[in-house]
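Quick note on numbering: the UniProt record's numbering labels position 111 of the sequence shown as 111, and the sequence is numbered without any gaps.
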Amino acid sequence: MASFAVSGARLGVVRPGGGAARSGGERRSGVDLPPVLFRRKDSFSRTVLSCAGAPGKVLVPGGGNDDLLSSAEPAVDTPVQSEELEVPDEAELVVEEPVSSSAAEASSAVEVEEKPEPSEVIEGTSETETDGVAIETKAPLVEEKPRVIPPPGDGQRIYQIDPMLEGFRNHLDYRYSEYKRMRAAIDQHEGGLDAFSRGYEKLGFTRSAEGITYREWAPGAHSAALVGDFNNWNPNVDTMTRNEYGVWEIFLPNNADGSPAIPHGSRVKIRMDTPSGVKDSIPAWIKFSVQAPGEIPYNGIYYDPPEEEKYVFKHPQLKRPKSLRIYESHVGMSSPEPKINTYANFRDEVLPRIKRLGYNAVQIMAIQEHSYYASFGYHVTNFFAPSSRFGTPEDLKSLIDKAHELGLLVLMDIVHSHASNNTLDGLNGFDGTDTHYFHGGARGHHWMWDSRLFNYGSWEVLRFLLSNARWWLEEYKFDGFRFDGVTSMMYTHHGLQVAFTGNYGEYFGFATDVDAVVYLMLVNDLIHGLYPEAVAIGEDVSGMPTFCIPVQDGGVGFDYRLHMAVPDKWIELLKQSDEYWKMGDIVHTLTNRRWLEKCVTYAESHDQALVGDKTIAFWLMDKDMYDFMALDRPSTPQIDRGIALHKMIRLVTMGLGGEGYLNFMGNEFGHPEWIDFPRGPQSLPNGSVIPGNNNSYDKCRRRFDLGDADYLRYRGMQEFDQAMQHLEETYEFMTSDHQYVSRKHEEDKVIIFERGNLVFVFNFHWSNSYFDYRVGCFKPGKYKIVLDSDDGLFGGFSRLDHEAEYFTAVSLGSISYFIVTCKYKITTHFLIPYRTGRMTTGLVLSRCTHPAEQPSFTHSQRTNRAQQRLLGKDHSRDELRGTTPLRNATRRHAAPYDAARDHVEGGSGIQSTSLFTLLLLSCGNKASKKLVFSLQHGSSYARMPVLHASLVGWLKDVTAPFNVFMHKIGHFL
């Protein structure tokens, strides 16, 4: 037996004429099938629908064809009487298999085994060695218990959550009735969603003690035969038989020595005589496929390694974290070298890096096999096979197990929105018809992506896709999915050349593909029922209401929506000077999301890094990145501005944009240039030619060495991103219920908001720094800097004094504020410089004196004149409250502040048990600054009313540039 190596996988190939003699007589096809395999324990009469049927028919009870959906709402339990639309009985479903006691016992065991219960969280601790340093990873683990898919609810809670949906009740109720009808049909004809989603146990290659059974649904084929290395590719040896539902089958008994008829690693295909001619296809349910050296089409591989070679998972899966910090990655391009990387190298080199950077989840692209590498994994050819470019299935399992050891969730970028257009190694025209897995005609073709579109109303397509989702969760222990292209699925126009304005009629009308939405509801039912800790993220740009509401409540059922408007907004802004940026526009884009529907936000992903576009870093710094990123040579204004804004954009996005955060690998340190997969010249139908890149891998890699080099400015941006991730891990601000935008000033270019126990202050002005800038806050007390983007560690100018302490003052209405007095190192002025930011630690503090009386709050004569004018307008009010304002430029100490009286009168006196932390960010030179103030409060407090109103007139009567003071809040009530 010969062998060949493919991406680290060494697989055997049987030479022509090889193989041992078969035992058990001739190969059998069409023999009796043990009824127990497909029969439920209960017996009842039911309507039968065809699982194969004529091409183009919707294979569901009461289903229609590919025409527009009828507005009539069918009764859920109305029996179907059409003789053309039949779903197989469990005993009739697919086919026949040799009767044997052991097979029957195995089948019975599958039927009667108890379902696992919902997972229960346990604490687990493991010690991991990363870069030679032992790291103790403590993460909640998942304990297996019986799992149950809950029955459908009434689907009515969506109207309580959003009363505006009442105007579209007819559509939404129809959608939910279709979902309930499909659930009922699956329960009736398949024994439930649990059994229905295990199609990989019936179709494709299955192994028993007696031999190998291969089954394939191909109703359009006239004849079929299994061919491969094991039978010298002879189509006359292993012919298959077809049952009445279009399922082809063959049974291959073991060889005389007990070995399987098809050796592990053998190439296999199915040869079919179809309406479009004779063709060899890779089995649709194949578990592994490879591209042999020198060949273009892929070959299916019979993958069934011996027990001693199978990977055994050592570490349990983790509980879903409260907030997601996702590191989006691509295994193939994850090496600093110009080559295709492997699962093993990603496991050993990249996963520890992700852990060190502070992310808690890794999202891996391009897992499903795709013959065209430059498709980024989105033109899938073999849905059940992990990409062989990177290694074997066992290597992938080892990678996922290592991630769990490190405390990282592993999310898979799954593609169920479309499929590759390939006919030789994909699903397109699999049985020689245009409507096998896909819609027929124009509806089955995506004109922009050049790919095929699934018919989600087909019974067997539902089986295929639901089983595919379960396969990756069950076999490989993925922790969830990022569903690609969901907008394309949910609308017949696929979201192309359509502007979604927020009008509900755009989401719930004739353009909505109800079959596709019902499939998404079913797959979310499956995921959350059988894998309660799994995460489901949907890539939807339309903003469809109910997208992230549970299915039982009438929603589509995703956990998160990708907040895709945010990166589009940043690219739009980066195409213009930051002098024209609108603070309100930025805030609106970041906060424009639906109540109770969580979002994963991001400033940029792989989309922005592809050739033809630019990363944020490249938009900001462009060609200067080639010559001025070394610390041993002077910087340029463009580099200083770019580094500052790069940090600020990412932090304001994470701070305000959603409940989860995503970063594409390498962008954390401002990876230069773009992504360009190796490719040759491409000829278009119109005769023009798109030049290639000589199949170069130079732009298809990640230069992690740039972010690690302490002599390059990339290092500072990477350190800042790491500090940002660990900050969120400490304070969990992304999932806090408290989010309040208190200021968005267009002239000052300042954004201030609170998120959880943090107060964020951003100054996006390109030149102005502000002294004594008053900032409103929800919680009174004493603050410390916890993050400063101007820190030298982050590539800043270290213009802020991190030892300074910031106290709140009190005005009417129990409103607190503090004057941001960020000291220049040279002077004693406190300021908010443009483009800076830093992080320190929080302290347990107590105070009983007025903040203005602290010796550290010294001011120059110029500052005190302005402060006297601003704060001295109503001294009687201050005296009544037990405070004495500063009355002259030289006075540094005032009368003691009566904290007790202030607390009694409803002011902001703070108890000694409270913990406060200040997060201050600012970005240097010509771009912006940020301050983030973090607070942890141990005592109860009341929400401060009119906080927004109190901030409206902060900058009135300012006479000196770079010195901004605030009127007492009481003056604006």
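Glycine included, C-beta positions come from ideal geometry on N, C-alpha and C.
In the DSSP assignment, Phe-753 falls within the beta strand (DSSP E) that extends over 750-755. Between Arg-561 and Gly-228, the alpha-carbon positions lie close to 44 Å from each other. In this structure, the CA atom of Ala-284 is about 14 Å from the CA atom of Gly-220. For Gln-739, the enclosing beta strand (DSSP E) starts and ends at 739-745. Judged by pairs of C-beta atoms under 8 Å, the region 171-188 does not touch the region 257-275, as fewer than three such pairs exist. Measuring C-alpha to C-alpha distances from Val-517 to each of Leu-411, Glu-178, Asn-686 identifies Glu-178 as the nearest. Put simply, of Ser-767, Asp-790, Asn-421, Ile-752 the residue whose alpha carbon is nearest the alpha carbon of Tyr-773 is Ile-752. Here the alpha carbon of Trp-233 sits roughly 37 Å from the alpha carbon of Asp-194.
Contact between the region 736-750 and the region 708-719 is absent, with fewer than three C-beta pairs closer than 8 Å.
Remark: C-beta atoms of Ser-696 and Val-689 do not approach each other more closely than 7 Å. In the three-state DSSP reduction, Asn-763 falls in the strand class (E or B). Contact annotation: Ile-414 and Phe-483 have beta-carbon atoms nearer than 7 Å. Residue environment: Val-247 is assigned as buried (16 or more neighbouring CB atoms within 10 Å of its CB, all protein chains considered).
Judged by DSSP in its simplified three-state form, Leu-645 adopts helix. Nearest C-alpha to Phe-762 among Ser-789, Leu-351, Cys-777, Lys-779: Ser-789. Under the three-pair Cβ rule at 8 Å, the region 472-492 counts as touching the region 400-415.
Bridge pairing for Thr-241: Glu-249 [DSSP]. Contiguous alpha helix (DSSP H) elements confined to the region 167-209 occur at 169-190, 193-196, taking only those with 4 or more residues. As the crow flies, the alpha-carbon of Ala-209 is around 52 Å from that of Trp-674. As the crow flies, the alpha-carbon of Gln-363 is around 11 Å from that of Ala-403. Phe-196 counts as buried, since no fewer than 16 other beta carbons sit within 10 angstroms of its beta carbon.
Here Tyr-491 carries a strand assignment [DSSP, helix/strand/coil]. In this structure, Asp-568 and Lys-598 do not form a Cβ contact; the two beta carbons are roughly 20 Å apart against a cut-off of 8 Å. Annotation for Trp-217: the continuous beta strand (DSSP E) segment containing it runs 211-217. Secondary structure remark: continuous beta strand (DSSP E) runs of at least 3 residues inside the region 284-367, in chain order: 299-301, 324-330, 361-365. Here Thr-512 is buried. Its C-beta has 16 or more other C-beta atoms within 10 Å. Beyond the five residues adjoining it in sequence on each side, Asn-360 comes within less than 6 Å, by CB distance, of Pro-321, Arg-325 in the same chain, given in chain order. Annotation for Ala-225: the continuous beta strand (DSSP E) segment containing it runs 223-228. Of the other Cβ atoms in all chains shown, 16 or more fall within 10 Å of the Cβ of Leu-712; this residue is therefore buried. In the DSSP assignment, Ser-281 falls outside any alpha helix (DSSP H) and within the unbroken beta strand (DSSP E) covering 277-281. The beta carbons of Phe-704 and Pro-336 sit closer together than 7 Å. If only complete runs of 4 or more residues are kept, the region 524-587 shows the alpha helix (DSSP H) at 565-574, in order along the chain. Assigned with DSSP and collapsed to three states, Leu-427 falls in coil, not helix or strand. The C-alpha of Asp-280 lies about 47 Å from the C-alpha of Ala-617. Between Glu-729 and Gly-358, the C-beta spacing is below 7 Å.
Per the Cβ contact rule, the region 619-629 is not in contact with the region 795-806 (fewer than 3 Cβ pairs under 8 Å).
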